[in-house]
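>
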Amino acid sequence: MKNLARTLAPASLMLAALSLSAPPVQAQSTDTTFFVTSNGIGNGGNLGGLAGADNHCQTLAQAAGAGGKTWRAYLSTQAADGQPAVNARDRIGKGPWKNAKGQVIAKDVAELHGANGLTKQTALSEKGEVINGRGDTPNRHDVLTGSQADGTAFAAGEDRTCKNWTSSTQGSAMVGHSDRMGLRDDDVSKSWNTSHPSRGPDGGCSQADLKSTGGDGLFYCFAAN
18 MKNLARTLAP ASLMLAALSL SAPPVQAQST DTTFFVTSNG IGNGGNLGGL AGADNHCQTL
78 AQAAGAGGKT WRAYLSTQAA DGQPAVNARD RIGKGPWKNA KGQVIAKDVA ELHGANGLTK
138 QTALSEKGEV INGRGDTPNR HDVLTGSQAD GTAFAAGEDR TCKNWTSSTQ GSAMVGHSDR
198 MGLRDDDVSK SWNTSHPSRG PDGGCSQADL KSTGGDGLFY CFAAN
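Under my numbering, residues 18 to 242 are what the sequence shown spells out, in order.
As structure tokens, then:
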């Protein structure tokens with residue numbers, strides 16, 4: 018037994034030394050400029066307006082080691098109450114944008130709304146994790162955008178932004194599919210930013226409504242500087 022103890026002791030000391038010398042694991046590179054939120058705010062389509070959504074992006078980025086940038090949510094608002102519409106594409110800077118693994122998902126605004134590099138494997142969270150998509154349990158690929166395919170706002174009238182991101186009951190929000198997959202093999206089902214409006218028994222904008230069609234109140238965040 019004494020010989021066994023002498024044999025094990027150096028090995029345990031070596032493992033301890035290795036663990037002390039190992040560099041800390043960082044989920045997100047400091048040059049990350051794009052991610053899908055790992056979690057939503059939790060109140061359906063009520064994000065506290067654009068300011069609340071931007072703050073959520075900033076908070077998640079900070080926790081992941083990339084808070085030294087100005088983060089903006091990729092969300093549009095519609096003209097209402099004397100206020101003009103806001104286009105998601107105008108909020109996010111000029112690019113290029115990289116995910117947590119350093120992969121470029123688009124070099125500029127035009128490419129982002131054209132032949133971008135967004136797939137299930139590249140539309141990662143701030144932690145560098147893949148977001149559950151179609152076929153996964155639970156499916157979380159419905160990402161809030163309130164935007165048309167070119168990143169602009171919908172015209173005033175029919176709600177596509179859960180009352181400009183202030184409603185968790187009545188209304189509707191346009192969502193995209195982060196995994197570029199849907200029920201059909203068409204452009205709409207494969208759209209990252211404009212696949213279908215939210216809907217559900219609570220009115221369309223509750224957390225339960227968003228989950229019922231394969232979402233979780235997630236949205237895209239971009240570094241604007």
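Each residue gets a CB set at the ideal place from its N, CA and C atoms; glycine is no exception.
Quick check on the burial criterion: 16 or more other C-beta atoms within 10 angstroms. Buried or exposed for Q138?
Classification of Q138: exposed, given that the 10 Å Cβ count is below 16.
> Can you check whether the CB of S206 is closer than 7 Å to the CB of G193?
Their beta carbons are not under 7 Å apart, which means G193 does not touch S206 by this criterion.
> The beta strand (DSSP E) with L161 in it runs from where to where?
Taken as a continuous stretch (DSSP letters only), the beta strand (DSSP E) holding L161 covers D159 to L161.
> Mark G188 as exposed unless 16 or more other C-beta atoms lie within 10 angstroms of its C-beta, in which case mark it buried.
Result: buried.
> Can you tell me which of the three DSSP states L64 falls into?
Of the three classes helix, strand and coil, the one that applies to L64 here is coil, per DSSP.
> Can you check the stretch 168–221 for any alpha helix (DSSP H) of at least 4 residues that lies completely inside it and give the ranges in chain order?
Complete alpha helix (DSSP H) runs here, min 4: 179–182.
> Scan the stretch 94–155 and note each continuous beta strand (DSSP E) run of 3 residues or more that stays entirely inside, going in chain order.
Runs found: 121–123.
> Helix, strand or coil: which one does DSSP assign to S55?
Coil.
> Just tell me which of T87, V126, G145 and V121 has its CA closest to the CA of G134.
Nearest of T87, V126, G145 and V121 to G134, Cα basis: V121.
> By how many angstroms is the C-alpha of G152 removed from the C-alpha of S212?
Approximately 17 Å between the Cα atoms of the pair.
> Can you tell me where the beta strand (DSSP E) with D48 in it begins and where it stops?
From DSSP, D48 is part of no beta strand (DSSP E); its letter is neither H nor E.
> Are the CB atoms of A102 and Q95 within a distance shorter than 7 Å?
Against a cut-off of 7 Å, the Cβ pair of A102 and Q95 comes out as a contact.
> When DSSP builds the beta bridges, which residues end up paired with L235?
According to DSSP, L235 bridges with V160.
> Determine the DSSP secondary structure at A166, reduced to helix, strand or coil.
In the structure shown, A166 sits in coil (DSSP, three-state: anything other than H, G, I, E or B).
> For A83, does the three-state DSSP call read helix, strand or coil?
In this structure, A83 counts as coil in the three-state DSSP scheme.
> Can you check which of these residues, N210, A127, N56 and D203, is closest to A190 by C-alpha distance?
The residue with the shortest Cα to Cα distance from A190 is N210.
> Tell me the residue span of the alpha helix (DSSP H) that contains A241.
Per DSSP, A241 belongs to no alpha helix (DSSP H) and is neither H nor E.
> Would you mind giving the Cβ-Cβ distance between A123 and G112, rounded to the nearest angstrom? I have them listed as a contact below 8 Å.
A123 to G112, Cβ: 6 Å. Contact.
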